[in-house]
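Residue numbers (this note's numbering), protein chains in the order written: chain A, 51 to 272; chain B, 51 to 272.
What follows is a single structure, written as structure tokens, with notes after it.
There are 2 protein chains.
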Amino acid sequence: MDNSAWEIPEVVIRRLPIYARALAFLEEENVAVISSLDLGRRLGVTPAQIRKDLSYFGEFGKQGSGYNVQSLLGEIRRILGLDREWPMALIGVGKLGRAIATYEDFETQGFKLAAAFDVDPNKVGELIGGLRIQHVGELEQTIAEKNIRIAIVAVPGSHGQKTIEVLASCGVAAILNYAPIAVRVPAGVKVRHIDPVVALQSLTYYLKSSAGAKEAAESGEP
Amino acid sequence: MDNSAWEIPEVVIRRLPIYARALAFLEEENVAVISSLDLGRRLGVTPAQIRKDLSYFGEFGKQGSGYNVQSLLGEIRRILGLDREWPMALIGVGKLGRAIATYEDFETQGFKLAAAFDVDPNKVGELIGGLRIQHVGELEQTIAEKNIRIAIVAVPGSHGQKTIEVLASCGVAAILNYAPIAVRVPAGVKVRHIDPVVALQSLTYYLKSSAGAKEAAESGEP
DNA sequence: GTCTGTGAAAACATTCACAGCG
DNA sequence: CGCTGTGAATGTTTTCACAGAC
Numbered sequence: 051m052d053n054s055a056w057e058i059p060e061v062v063i064r065r066l067p068i069y070a071r072a073l074a075f076l077e078e079e080n081v082a083v084i085s086s087l088d089l090g091r092r093l094g095v096t097p098a099q100i101r102k103d104l105s106y107f108g109e110f111g112k113q114g115s116g117y118n119v120q121s122l123l124g125e126i127r128r129i130l131g132l133d134r135e136w137p138m139a140l141i142g143v144g145k146l147g148r149a150i151a152t153y154e155d156f157e158t159q160g161f162k163l164a165a166a167f168d169v170d171p172n173k174v175g176e177l178i179g180g181l182r183i184q185h186v187g188e189l190e191q192t193i194a195e196k197n198i199r200i201a202i203v204a205v206p207g208s209h210g211q212k213t214i215e216v217l218a219s220c221g222v223a224a225i226l227n228y229a230p231i232a233v234r235v236p237a238g239v240k241v242r243h244i245d246p247v248v249a250l251q252s253l254t255y256y257l258k259s260s261a262g263a264k265e266a267a268e269s270g271e272p
Numbered sequence: 051m052d053n054s055a056w057e058i059p060e061v062v063i064r065r066l067p068i069y070a071r072a073l074a075f076l077e078e079e080n081v082a083v084i085s086s087l088d089l090g091r092r093l094g095v096t097p098a099q100i101r102k103d104l105s106y107f108g109e110f111g112k113q114g115s116g117y118n119v120q121s122l123l124g125e126i127r128r129i130l131g132l133d134r135e136w137p138m139a140l141i142g143v144g145k146l147g148r149a150i151a152t153y154e155d156f157e158t159q160g161f162k163l164a165a166a167f168d169v170d171p172n173k174v175g176e177l178i179g180g181l182r183i184q185h186v187g188e189l190e191q192t193i194a195e196k197n198i199r200i201a202i203v204a205v206p207g208s209h210g211q212k213t214i215e216v217l218a219s220c221g222v223a224a225i226l227n228y229a230p231i232a233v234r235v236p237a238g239v240k241v242r243h244i245d246p247v248v249a250l251q252s253l254t255y256y257l258k259s260s261a262g263a264k265e266a267a268e269s270g271e272p
């Protein structure tokens, strides 16, 4: 494929980080080359899917052998925009917000908490992960100054919708939402939801039937 | 529809908790009846999708008016198996595991932490959320005794695959996985992944293009 | 008139299967 | 040979559109 501008399916975009993680792991293991078959085996995905997904972006493999681990990883990072550091804003510094602020995996992956906000004036000024908590009133200015395009929303459900609208109006276009709500998002803004309760609530459906121990059923996640 | 036994699409099951949450909220607001159109507006979902989803399970609406909020909520809870309390096991009591153990939203939604495990003998005996941390060696016995069918995995990535296999062999059939890995799951076991980094990594794709401020683009999540 | 439940159509996503390169 | 890249086929999910109930 050579398509310059194209609308690539969202499912494909969502799988790329998974491929990237597996490749990073292979790189650590000093594996130089991997075929779509072997990569698929590791991930529980069909090789055809991997090849088709990658074909949206170019031709990265070599017939007869497979993909060079390092260079494919580099390509995927570039495609996803992971070849730089992204500053983020955290909105809501309650219990959950604090846990997020001190969660170190973001930084190691190039996502840097650059500002933290709360409505509660009592929290303003407090330090969290080396960051001074600011009042939400300062949102717009700080986001502009620090060129922030990603926000993590950790406010109570009741404030979620409003928070996301404010963020969108400040130019934030990517939101990781921990508020337990379904939100309507303005055009041009992308949201991902982190919602453990919803995840559990869809799992219980499959438990109702099988009373006690293991029984044969159809697979899990690919 | 009247289909007794049928394989209902997983996407449908995943949406039911969202509907349930919206209905619970409407119930609080003392809304008695809602149409698929209005519910869809709140959730950012098409009314046809709501109707089709529900039709897999029965006929819950009334033509001309819509759905009774209370009774539809009851039906969905029953379908998902949310009309009871589910005991859960937590595996891995590091920083993340502790945050999960003290996260109160699980309990209010009927998911009760009934046991917590870690490999580290130094942690064994420590109390976390009123629970005595046990050694993973006690997994099988405790899970059987307490009739646990759901586990939350919060171990380091390197231990994730093994942990999930052990849990499966103990009869756990539903897993909420926080370990940052793609896992191969035995048949009959369902897994949901909570992975904020992967979520962020797919968001950045959409940021690459638009350099600075807001620009018109295509919608967000439905 | 309003709104559901649902076949039928359309859109979308995955898998197959194979030509062709290394 | 073994493996990629990809049209074509198949499978899945969403949306349309309307008959019929209230």
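Each residue gets a CB set at the ideal place from its N, CA and C atoms; glycine is no exception.
For clarity, every value in this text was computed on a predicted model and none was experimentally measured.
> Going along chain B in order, which residues have a C-beta closer than 9 Å to the C-beta of A249/A?
Replying inline: Neighbours of A249/A on chain B, chain order: R64, P67, L226, R242, H243, I244.
> Between S115/A and R127/A, what straight-line distance do the alpha-carbon atoms span, to the nearest angstrom?
Replying inline: Answer to the nearest angstrom: the Cα atoms are 22 Å apart.
>> Here's a check: name, in chain order, each residue in its chain whose Cβ is nearer than 6 Å to the Cβ of H243/A, leaving out the five neighbours to either side.
In response: Leaving aside the five residues that flank H243/A on each side, the residues in its chain whose CB is nearer than 6 Å to its CB run, in chain order, N227.
>> Could you check whether T213/A and V205/A sit closer than 7 Å to each other, using their CB atoms as the reference points?
In response: Yes. Within cutoff.
>> DSSP has V203/A in a bridge; who is on the other side?
In response: Looking at the DSSP assignment, V203/A forms a beta bridge with I141/A, N227/A.
> In or out: E265/B buried (at least 16 other Cβ within 10 Å) or exposed?
Replying inline: In this prediction, E265/B scores a pLDDT of 37, lower than 50, which makes its location untrustworthy; no coordinate-derived value is stated.
>> For S117/A, list the residues DSSP reports as bridge partners.
In response: Per the sequence shown, the amino acid found at residue 117/A is Tyr instead of Ser. Y117/A has I84/A, G111/A as its beta-bridge partners, per DSSP.
> Quick one, which residues of the stretch 155 to 182 of chain B are near chain A if we go by CB-CB under 8 Å, in chain order?
Replying inline: Contacts with chain A (Cβ-Cβ distance below 8 Å) from the stretch 155 to 182 of chain B involve D155, F156, Q159, F161, listed in chain order.
> Alpha carbon to alpha carbon, what distance is there between I100/A and L123/A?
Replying inline: L123/A and I100/A have their C-alpha atoms some 13 Å from each other.
>> Along the stretch 143 to 154 of chain B, where does the CB come closer than 7 Å to a CB of chain A? Name the residues.
In response: When CB distances to chain A are screened at a threshold of 7 Å, the residues of the stretch 143 to 154 of chain B falling below it are A149, in chain order.
>> Can you look up A74/B in the DSSP assignment and give me helix, strand or coil?
In response: Judged by DSSP in its simplified three-state form, A74/B adopts helix.
>> Measuring only the C-alpha atoms, how far is L189/A from H209/A?
In response: Distance between the alpha carbons of L189/A and H209/A is about 15 Å.
>> Short of 6 Å in beta carbon distance, which residues of its chain neighbour I58/A, apart from the five on each side in sequence? Order them along the chain.
In response: Cβ neighbours of I58/A beyond the five flanking positions: Y106.
> Going by beta carbon distance, what residues of the same chain come within less than 7 Å of R65/A, once the five residues before and after it are set aside?
Replying inline: If we look at R65/A and ignore the five residues flanking it on each side, its Cβ neighbours are D103.
> Can you give the beta carbon distance from Q211/A to R182/A, rounded, assuming they're within the 8 Å contact cut?
Replying inline: That belief does not hold up - the Cβ atoms of Q211/A and R182/A are roughly 27 Å apart, past 8 Å.
> In terms of alpha-carbon separation, which member of Y69/A, I141/A, E215/A, I231/A lies closest to L87/A?
Replying inline: Nearest option by C-alpha distance: Y69/A.
> Which residues of chain A have a Cβ atom closer than 7 Å to the Cβ of G131/B, listed in chain order?
Replying inline: Going along chain A in sequence order, the residues near G131/B (Cβ under 7 Å) are T254, Y255, L257, K258.
> In chain A, which residues lie less than 8 Å from I200/B when you measure between Cβ atoms?
Replying inline: Per Cβ cutoff of 8 Å: L250, L253, T254, L257.
> According to the Cβ coordinates, are V248/B and D155/A closer than 7 Å?
Replying inline: Using a Cβ distance threshold of 7 Å, V248/B and D155/A do not count as a contacting pair.
>> Rounding to the nearest angstrom, what Cα-Cα distance links E268/A and E157/A in this structure?
In response: Residue placement at E268/A cannot be trusted, given a pLDDT of 34 that sits under 50; what the coordinates show is reported in the next sentence. If you take the alpha carbons of E268/A and E157/A, they lie about 38 Å apart.
>> I'd like to know if R234/A contacts chain B, where contact means its C-beta is closer than 7 Å to some C-beta of that chain.
In response: Contact with chain B is found for R234/A, since one of that chain's Cβ atoms lies less than 7 Å from the residue's Cβ.
> Does L217/A have its Cβ less than 7 Å from a Cβ in chain B?
Replying inline: No, L217/A lies away from the interface with chain B (no Cβ there is under 7 Å from its Cβ).
>> Applying the 10 Å Cβ sphere with the 16-neighbour rule, what's the burial state of G90/B?
In response: Under a 10 Å Cβ-count criterion, G90/B is classified as buried, with 16 or more other Cβ atoms of the shown protein chains found around its own Cβ.
> Rounded to whole angstroms, how far is the Cβ of V143/B from the Cβ of A166/B, which I believe are closer than 8 Å?
Replying inline: Sure, about 6 Å apart at Cβ, within 8 Å.
>> So, with DSSP's three-state summary, where would you put Q211/B?
In response: Here Q211/B carries a helix assignment [DSSP, helix/strand/coil].
>> Just to check my reading of the structure: G207/B and A223/B have Cβ atoms closer than 8 Å, yes? What is that Cβ distance to the nearest angstrom?
In response: In fact, because the Cβ distance is near 22 Å, the residues do not count as touching under 8 Å.
>> Since G147/B and L140/B should fall inside the 8 Å C-beta cutoff, what is the C-beta to C-beta distance between them, to a whole number of angstroms?
In response: Rounded, the Cβ-Cβ distance is 6 Å, consistent with contact.
> Using a Cβ-Cβ cut-off of 8 Å (strictly less than) and excluding sequence neighbours within five positions of K240/A, which residues of its own chain qualify?
Replying inline: Only A223, A224, I225 meet the Cβ criterion.
>> Using a Cβ-Cβ cutoff of 9 Å, what residues of the stretch 81 to 98 of chain B are near chain A? List them in chain order.
In response: Contact annotation: in the stretch 81 to 98 of chain B, residues whose CB is within less than 9 Å of a CB in chain A are R91, R92, L93, G94, V95.
> Which bits of chain B does P230/A rub up against, with CB to CB less than 9 Å?
Replying inline: Result: R71, D155.
>> Check whether chain B comes within 7 Å of A74/A, counting only Cβ atoms and requiring the distance to be less than that.
In response: It does not; no Cβ of chain B falls within 7 Å.
>> Am I right that E135/B and K162/B are in contact with their C-beta atoms under 8 Å? What's the rounded C-beta distance?
In response: In this structure, E135/B and K162/B form a Cβ contact; the two beta carbons are roughly 6 Å apart against a cut-off of 8 Å.
> Considering only C-alpha positions, which residue in the set A164/B, T96/B, E79/B is nearest to K196/B?
Replying inline: Out of A164/B, T96/B, E79/B, A164/B has the C-alpha closest to the C-alpha of K196/B.
>> Counting only beta-carbon separations shorter than 7 Å, does A139/A have a partner in chain B?
In response: No, no contact with chain B.
> Can you give the Cα-Cα distance for G179/A and R199/A, rounded to whole angstroms?
Replying inline: Answer to the nearest angstrom: the Cα atoms are 20 Å apart.
>> I'd like to know whether the C-beta of A223/A is nearer than 7 Å to at least one C-beta of chain B.
In response: Against chain B, the CB of A223/A has a partner CB under 7 Å away; the residue lies at that interface.
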